[in-house]
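Shown next, in structure tokens, is the structure this report addresses.
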Amino acid sequence: MPNPSPKQNKKSKKMRGSTKCMTLGKDGTKTYVNFNERGQPVELCSEKLSPYLGTLGRDMVHVIYDDWRHVPLERKDLIWEAIKQRFTLDEESRSYCRSTVGRLSRSCKTRLRRIIDSYKSDAMIMKKRPKEIDLKEWKFFVKGKSSPVFKISKDMESSPVDRAHMRLASAKAVLCLSKDWDHKIHIDFFHLTLRTSEIIDSQVKKLFLGKEKNKKFKNMSSKQVFPYTGSRRGYARLENDMKKKSAKPSSVVRVDVWAKAHTKVNSEASNEEVAKNLVKIEEVKKSLPLNSTPPPLKDDMLSQVLEPKRQGRVRALGFGVTPTRLGIISQTTGRVAELEEQLAAMMGKMEKMSNLISKLIRNQAQSVSEVRSVADDEVLQTQTSTPQAQCKRKAKGTNCKLLSWKGSKVVVAHAQWVTEDPKCMLHNQIPGPNVCKVVVTNAINSSFPLWKATGDATTIGGALKSFIAWPKKYVVMKHE
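Numbering of the sequence shown is given in the working numbering, commencing with residue 263 and proceeding in unit increments.
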């Protein structure tokens with residue numbers, strides 16, 4: 263026997279394990295997920311939702327269920343409660359989340375099916391059983407998904423689907439042989455090859471059709487002509503990102519999303535077939551009149567260029583969108599848009615009224631301020647016209663009060679008078695006439711703004727122990 267080569271002895275590369283989402287919500291916080299008007303998750307937080315739904319589809323939906331519709335309602339409720347423990351979701355998103363769990367559970371079973379197809383030995387298939395799947399459930403799953411000649415153990419009876427395959431093979435053989443016969447076979451004789459027990463007839467039909475659907479979908483998957491280039495982003499997130507970057511979000515339509523999803527980063531089409539369709543789309547765009555009303559879904563640009571999608575599906579809008587649901591959403595969106603226009607008109611009127619009221623109040627306050635200013639000037643003139651006050655004003659270092667330069671008689675600070683020389687320098691600037699140079703010694707209203715900003719200081723409190731400029735008529739000398 264030849265010795266194995268070094269390549270055969272070399273261990274296979276270790277691949278990463280299944281996604282667990284162990285850190286999600288570990289600290290008790292819930293992640294908020296935004297949904298668009300079609301009930302699809304968007305924004306960055308949706309990246310966390312999809313993997314978690316996949317783990318639930320793998321761990322909480324047993325492989326013994328061939329169809330999501332056969333999963334008990336109690337189990338679906340438990341799945342929904344598990345989702346709400348990690349995410350903040352509205353009740354309206356329940357349907358989408360449950361449907362997504364069912365879809366991802368089916369994808370998980372597809373990956374498990376590859377294990378069965380990759381190995382012919384019963385022992386190897388049993389050895390490759392995932393740890394999270396019970397042995398009995400794994401045997402049941404393998405029995406339902408394996409080829410007709412495959413048996414897990416000798417004591418197990420052949421499954422209904424195996425018997426159905428044998429009968430159909432017999433019927434096919436009879437039909438092939440009948441071409442060379444001189445006489446046509448009787449219909450009853452042909453029916454004998456297809457006869458099955460009434461008890462298992464429905465189960466046989468279901469399991470056999472399931473295998474046929476599996477072959478059909480494999481064939482469809484291998485013939486995909488439009489490679490998707492949007493990485494992990496689905497159509498919903500891609501559309502949301504495009505609307506964010508667009509100056510006019512309403513201009514982003516279904517055909518734009520499809521074109522973006524099948525274009526590479528360097529703006530090249532993903533393949534030749536996509537390139538041909540992109541050219542057709544541009545031709546249809548040029549033929550449409552400007553500012554035309556968007557056509558219905560079945561007549562839009564994407565439907566004109568590509569062949570019709572199978573019933574119940576809509577291209578370039580993501581999972582969970584159907585023509586019926588889209589029609590209802592469109593009607594609702596139209597009504598919402600109408601209400602938003604009415605609300606915007608009302609808000610505009612309210613804003614005009616608010617501006618008018620503010621203007622009236624401002625004019626009234628200005629009139630009152632002018633009256634107070636005249637009265638304050640008379641008071642200040644009386645206080646500063648005496649010889650004693652003139653003398654004190656000329657004495658450097660005399661204590662004084664700084665009144666509010668906004669027109670009121672409120673004292674905002676205590677200071678020491680320095681000079682009223684209009685040519686004196688204050689922080690490399692000349693204050694000008696009718697302005698005093700003082701030193702703030704005590705701030706009564708620290709937040710009151712300075713008459714003229716000094717360096718970094720803008721308020722009385724910030725200019726404490728500093729030289730500032732203050733209007734002459736609002737400086738009152740203290741009496742001895």
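Note that the Cβ used here is the ideal one computed from N, Cα and C, for glycine as well.
- In the structure shown, N704 adopts extended strand secondary structure according to DSSP, grouped into three states.
- Inter-residue distance for D379 and R300 is about 38 angstroms (C-alpha atoms, whole angstroms).
- With respect to V700, Q678 sits close: the two C-beta atoms are nearer than 8 angstroms.
- The residue among F403, S367, S312, S361 with its C-alpha nearest the C-alpha of I326 is F403.
- At least 8 angstroms separates the beta-carbon of P489 from that of N528.
- Counting other Cβ atoms within 10 Å of its Cβ, T350 stays below 16 and is therefore classed as exposed.
- Straight-line spacing of the CA atoms in P733 and N704 works out to 18 angstroms.
- In terms of CA proximity to S369, V323 leads the group V323, K538, K401.
- Counting the other CB atoms within 10 Å of its CB gives G364 a total of 16 or more, which places it among the buried residues.
- In the same chain as W713, and ignoring 5 residues on each side of it, the C-beta atoms closer than 7 angstroms to its own belong to W667, A731, W732, P733, in chain order.
- Excluding the 5 residues flanking it on each side, T716 has same chain C-beta neighbours closer than 8 angstroms at L688, H689, A725, S728, F729, I730, A731, in chain order.
- Per DSSP, the beta bridge partners of I730 are V700.
- If you compare the alpha carbons of M608, W342, K371, K740 with that of K658, the shortest gap goes to K740.
- If you compare the alpha carbons of W330, T720, T525 with that of K538, the shortest gap goes to T525.
- In the DSSP assignment, W520 falls within the alpha helix (DSSP H) that extends over 516-523.
- Around the C-beta of A531, 16 or more other C-beta atoms lie within 10 Å, and the residue is accordingly described as buried.
- DSSP places W679 within a strand segment (E or B) once states are collapsed to three.
- Contact between L564 and V517 holds, since their C-beta atoms are separated by about 4 angstroms, short of 8 angstroms.
- DSSP places C370 inside the alpha helix (DSSP H), whose first and last residues are 356-380.
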